[in-house]
Every structure is written in C-alpha cells, then in structure tokens.
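With this note's numbering, the residue at position 153 of the sequence shown is 157, and numbering never jumps.
Shown next, in structure tokens, is the structure this report addresses.
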Amino acid sequence: MSAAAEPDRVNPGGDGPADGDEASGDVDAQGRAGALVIRRAPTEPRAAVLLLHGGREDALEPPPLMNLPALRMRPFASDLVRATSHERVLIGRVRYRHRGWNGPREDAVHDARRALRALLDAAGPVPVVLVGHSMGARAALRVAGDDPQVRGVVALAPWCPPGEAVGQLRDRMVAALHDPADRVTQAAQTWEHLTRASAAGARTLGIRMPGGGHAMLRDARTWQRIATSLTRGMLGLAPLPDPLTRQDHAEATYMTASQVLAEMDGRP
5 MSAAAEPDRV NPGGDGPADG DEASGDVDAQ GRAGALVIRR APTEPRAAVL LLHGGREDAL
65 EPPPLMNLPA LRMRPFASDL VRATSHERVL IGRVRYRHRG WNGPREDAVH DARRALRALL
125 DAAGPVPVVL VGHSMGARAA LRVAGDDPQV RGVVALAPWC PPGEAVGQLR DRMVAALHDP
185 ADRVTQAAQT WEHLTRASAA GARTLGIRMP GGGHAMLRDA RTWQRIATSL TRGMLGLAPL
245 PDPLTRQDHA EATYMTASQV LAEMDGRP
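This is how it looks when you write it as structure tokens:
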C-alpha cells in the first residue's frame, strides 16, 4: 500500500489523531525555518490565510520530511491560490517544531501563535482566516482570538476534546466540516464545541460531510470547494451561508454539504 493510500489511524493512547505532520523544504518570509512558510505573498495584500495541518496527539520528535497531513492540506492550499489569484491574498502555512500536541505543552498552539504573528507582520492590517485540519484545526480555534484581524476559522475534521476553551471565539465566524463516520476525531464533539462557541458569541456553522473520513479523500473536491468558498466569504470576497452572517448567536446551525453549496452558489 502506498503512503498516499494509507488508511486513517486511531491513536490507542487517547481521543486525538495519530497522523504525521508537515512536509518541509520551504522557507519563511525571512528565508529561515521559522513558524511561517509563505506560499504566496502579493504586493500590498488585501487579505491573508494561514493553513494549519494535522499532527499526533503525543510526539516530541520533529516532523518528518514527507507525511500524510501535510499532503492532505496541499490541495486545499492550491485551490485557495487558484481561487484568489486576482484578489491579492497572502497565503501561508504553519511550520511545527514538534510532531504532536503533547498534552499541557500544547506545542501546536505555540507554533500557530508564532505563525499568526508572522503572518500579521507580513500582511499588514488586513482580514485573516485560519484554515486547519485535525490538530491544526484545534490550534486554529485556540488562537483565533489572538488578534481582531482574525475574522474566522474553517475547521476540517477538527479535534475538539470535551471542555476546550471557546471564549476566544466571541465575534468570530467558525465553520466546521466533519464526516460523521470519521474514525479519528469525533463529529459529535465538534458539534458540541460549536454549540458552546455559539453561546459564547461566535457565529457558527456545522457542515455534515457525506464522506471522506478523517483524511478527506473521498469526494475531496467537495471538501476543497466548500473550504475555499467559506474562506473567501469570511475574508469578504464572496457570499457566505446565512448562519455566518447573522448577528444572532443564540445557537449553532447545521447544514449538509449540498445545502451549503446550493446556498453559496445562489441556487434555491
């Protein structure tokens, strides 16, 4: 079996994902191996996106050169680059120092925070959206309140353990895409997280994906299309589904992938 065809794996030590981490080989804005890797840096950006891929629940070693989570996010990055080719959107990704979240160390949060600061420095005072998968989505949700320039989070099959903080999501848009059949992270925990985030003042939308599992392989184009559309919408470059535009934060809203696509495409 090839690496790209490797099935999802469940970490026997806990509820978190047991994936690898990032591919290297790029440099950051200063030409060093920093927390931020710039994919595209237009002159005078009008918006910015930070992509955060997944990792393991516990792993202190550095990320390997080639691994599945980084590969899983590359099509999302490429789709964003194409969709925003004329919109001057700076696009970057996080570079993790460690492969895992690592309990109270929360290494992914620290790296996400460093990458976000570097992104803000590079882009200037523009709207920012965080797009994360699995552990990367958990880190994105954690740092979304760090700066008012962050408009929202697009969380792909996020890792949302019970009791995760949500207060930092006040006045943010949060859209989570999850396949209920995901065997690595639990959609039920994602929906519970959205419910609490909505009560804390976030505008939330849960999207039930018809397949794809944790790796988002089956019907990958639908995952990418929705993620890109939501990201552009949160940046103010495209329409958004109604639940993310309402000022009423009373409760989370849930839609199917087809419902979201129909609304964003303007179909009845």
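The beta carbon of each residue, even a glycine, is placed where N, CA and C say it ideally should be.
Identify the continuous alpha helix (DSSP H) that holds residue i and give its terminal residues.
{"i": "L75", "result": "L72 to A87"}
{"i": "T208", "result": "Run containing T208: none in the alpha helix (DSSP H); it sits in the beta strand (DSSP E), R207 to R212."}
{"i": "A169", "result": "Here A169 belongs to no alpha helix (DSSP H), and DSSP marks it neither H nor E."}
{"i": "L198", "result": "A191 to A203"}
{"i": "L124", "result": "D111 to A127"}
{"i": "A143", "result": "M139 to V147"}
{"i": "A51", "result": "Segment A51 to L56 is the beta strand (DSSP E) holding A51; no alpha helix (DSSP H) there."}
{"i": "L234", "result": "A224 to M238"}
Looking at the unbroken beta strand (DSSP E) that takes in residue i, where does it start and where does it end?
{"i": "M259", "result": "T257 to T260"}
{"i": "L181", "result": "M177 to H182"}
{"i": "L94", "result": "V93 to V98"}
Consider the C-beta atom of residue i and the heavy atoms of the ligand ATP; say whether any pair is separated by less than 7 Å.
{"i": "R176", "result": "Of ligands this structure carries none, so the ligand ATP is not represented either."}
Can you check which of these residues, the options, is closest to residue i by C-alpha distance?
{"i": "R103", "options": "D111, R97 and G96", "result": "D111"}
{"i": "I95", "options": "R222, G59 and P49", "result": "P49"}
{"i": "G171", "options": "D246, G210, R78 and A148", "result": "A148"}
{"i": "M259", "options": "A74, L181 and A206", "result": "L181"}
{"i": "R44", "options": "G58, P79, R92 and A74", "result": "R92"}
{"i": "T232", "options": "G58, V113, G156 and T189", "result": "G156"}
{"i": "Q251", "options": "H197, M177 and I230", "result": "M177"}
{"i": "L72", "options": "A219, V53 and A185", "result": "A219"}
{"i": "V133", "options": "P68, A242, A51 and R78", "result": "A51"}
{"i": "W227", "options": "A81, G59, R118 and P46", "result": "A81"}
{"i": "A74", "options": "G140, W195, L173 and A206", "result": "G140"}
{"i": "G59", "options": "A192, R99 and A127", "result": "R99"}
{"i": "V53", "options": "P66, S138, R76 and V158", "result": "V158"}
{"i": "N4", "options": "W195, R142 and I230", "result": "The structure shown does not extend to residue 4, since the chain is modelled only from 5 to 272, so the question has no answer here."}
{"i": "A206", "options": "P66, T257 and S138", "result": "T257"}
{"i": "L160", "options": "R117, I230, V85 and A87", "result": "I230"}
Going straight from the alpha carbon of residue i to that of residue j, what length do you get?
{"i": "M70", "j": "V41", "result": "16 Å"}
{"i": "D83", "j": "S89", "result": "10 Å"}
{"i": "V264", "j": "R97", "result": "26 Å"}
{"i": "Q153", "j": "R187", "result": "34 Å"}
{"i": "P16", "j": "E61", "result": "Note that P16 scores a pLDDT of 29, beneath 50, so its modelled location is shaky and nothing firm can be said."}
{"i": "M213", "j": "T249", "result": "21 Å"}
{"i": "R36", "j": "D125", "result": "Only weak support exists for where R36 lies, its pLDDT of 44 falling under 50; the coordinates are left without a value."}
{"i": "A169", "j": "R200", "result": "9 Å"}
{"i": "R197", "j": "L234", "result": "Note that residue 197 is His in the sequence shown, not Arg. When rounded, the distance between both Cα atoms is 19 Å."}
{"i": "D150", "j": "R222", "result": "34 Å"}
{"i": "A242", "j": "I211", "result": "18 Å"}
{"i": "D30", "j": "L64", "result": "Reliability fails at D30, whose pLDDT of 44 lies under 50, so the model's placement of it is uncertain and no value is given."}
{"i": "G217", "j": "C164", "result": "16 Å"}
{"i": "R174", "j": "A204", "result": "6 Å"}
{"i": "A119", "j": "M268", "result": "30 Å"}
{"i": "T208", "j": "V135", "result": "15 Å"}
{"i": "V113", "j": "A39", "result": "11 Å"}
{"i": "A224", "j": "R78", "result": "12 Å"}
{"i": "P245", "j": "T47", "result": "30 Å"}
{"i": "A266", "j": "L56", "result": "27 Å"}
{"i": "A261", "j": "V130", "result": "29 Å"}
{"i": "R117", "j": "P184", "result": "29 Å"}
{"i": "V85", "j": "A192", "result": "32 Å"}
{"i": "E122", "j": "G215", "result": "What sits at residue 122 in the sequence shown is Ala, not Glu. Straight-line Cα distance between these residues: approximately 35 Å."}
{"i": "P68", "j": "A87", "result": "30 Å"}
{"i": "S138", "j": "A144", "result": "10 Å"}
Answer with buried or exposed for residue i, where buried requires no fewer than 16 other C-beta atoms within 10 angstroms of its C-beta.
{"i": "D115", "result": "buried"}
{"i": "A255", "result": "Residue identity check: residue 255 is Glu in the sequence provided, not Ala. So E255 ends up on the exposed side."}
{"i": "G240", "result": "exposed"}
{"i": "Q190", "result": "buried"}
{"i": "P275", "result": "Residue 275 lies beyond the range of the chain shown here (5 to 272); nothing can be said about it."}
{"i": "P166", "result": "exposed"}
{"i": "P162", "result": "buried"}
Comparing the C-beta of residue i with each C-beta of chain B, is any distance below 8 Å?
{"i": "A39", "result": "No chain B is part of this structure, which consists of one protein chain only."}
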